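The block underneath contains the structure these notes are about, expressed in structure tokens.
Residue numbers (our numbering): 1 to 411.
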């Protein structure tokens, strides 16, 4: 009807049938018709005329719809503003402030607009912080934006403390999530050759070619998991703690070019994976899930190196054997995990030699006392230092044992 010149009749019909979506579109056409009939001129702004009167009547009708139809009309009206590319209009409609707040609070998808309304319209900094935190940790698809939202959430929490006497504030969740994002950025920055690619697709291809070959060979499920994580890393999409742990422990070792301190990731992949699990809020809340993930990280760490080669100590000096041990992922992870303090005792007691092949027992010794370390995790003690090859296991069977570690548990 509106298309054939019966605009007012169409509006009346939409009103009678309570078709709010159609009514909003028709009222937009009414406003467009006013613009066509009474073009706005610079002199008109100071002198009221037919245009100002028509716009005033149009706004009066809009106000009446808020009173007459309530929430259905408000939802349709605000949705139209957003889809038309004018979301900022909701923040300046002070006459409809309560309706705007209700609409934004019930629609999680508008979180990036909702937190601004909480600050500017409601002065509710606590709610703004909650919205920003949920947005950053659950919905954000850009790593840089996530860091900004976490910073704003932290500021909003501090502002809420200033306005609410006696309010207890816990900032650790913001700091943990920010550190998790920092680890992800560090991994990206320390992967070689990615910045040499001409586009995002080429970067992903380089990442897959360099870091998704050896460790996940003949393991299609783990390869797919790694490739998904690499895709998120390359596109700067935030990854969760368990995804980051998979990425760090499944990817092929990062070549350490230059001095060790120049690369923050190479040689520290497994300790960073453990740190990521410790930082992720959703994982920390589920103790059993977190413990299982940590066990998987340690298992992957233990089978990363060729222990059959390391255990073949014939013809090697003590220094050479120790150098081999120091180069393993297991050794480096323990150093990171204990800040080097417990490991120093470990080396001074020469217990490190018990991780090498012992010809007298024909296997890996596992007699390290639990008291050697200062309060290590139970699973670390039981898995790493009490798992051993049986006394009858010969070097020729070492590879079989190593393979059994791989196949007994999803790793």
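For every residue, glycine included, the Cβ atom is placed at its ideal position computed from N, Cα and C. All of these numbers come straight from a predicted model, not from anything done at the bench.
Simplified DSSP state of residue i, which is helix, strand or coil
i	result
residue 173	helix
residue 78	helix
residue 240	coil
residue 15	helix
residue 285	coil
residue 84	coil
residue 190	coil
residue 265	coil
residue 255	coil
residue 7	helix
For residue j and residue i, believed in contact at Cβ under 8 Å, the rounded distance
i	j	result
residue 225	residue 270	That pair is no contact at about 16 Å.
residue 156	residue 125	5 Å
residue 212	residue 223	6 Å
residue 84	residue 103	With 8 Å as the limit, residue 84 and residue 103 do not qualify as a contact, their Cβ atoms being about 15 Å apart.
residue 265	residue 327	Actually they are not in contact, since the Cβ atoms of residue 265 and residue 327 sit about 16 Å apart, beyond 8 Å.
residue 51	residue 34	7 Å
residue 161	residue 169	5 Å
Terminal residues of the alpha helix (DSSP H) in which residue i lies
i	result
residue 326	318-326
residue 37	20-37
residue 203	200-211
residue 271	269-279
residue 124	Segment: none, residue 124 is in no alpha helix (DSSP H) and carries neither H nor E.
residue 336	329-337
residue 89	89-92
residue 100	97-105
residue 168	Careful: residue 168 lies outside any alpha helix (DSSP H) and carries neither H nor E.
residue 69	50-69
residue 313	Segment: none, residue 313 is in no alpha helix (DSSP H) and carries neither H nor E.
residue 114	111-117
Under 9 Å between C-beta atoms of residue i and residue j
i	j	result
residue 194	residue 241	no
residue 273	residue 230	no
residue 143	residue 112	no
residue 132	residue 153	yes
residue 116	residue 128	yes
residue 300	residue 324	no
residue 276	residue 248	yes
residue 329	residue 255	no
residue 150	residue 76	no
residue 99	residue 66	yes
residue 234	residue 200	yes
residue 69	residue 38	no
residue 105	residue 114	yes
residue 208	residue 184	no
residue 80	residue 28	yes
Task: Segment contact, 8 Å Cβ cut-off, at least three pairs: the stretch 77-96 with the stretch 49-56 - done: no
Task: Given 8 Å, three or more beta-carbon pairs between the stretch 171-188 and the stretch 278-292 - done: yes
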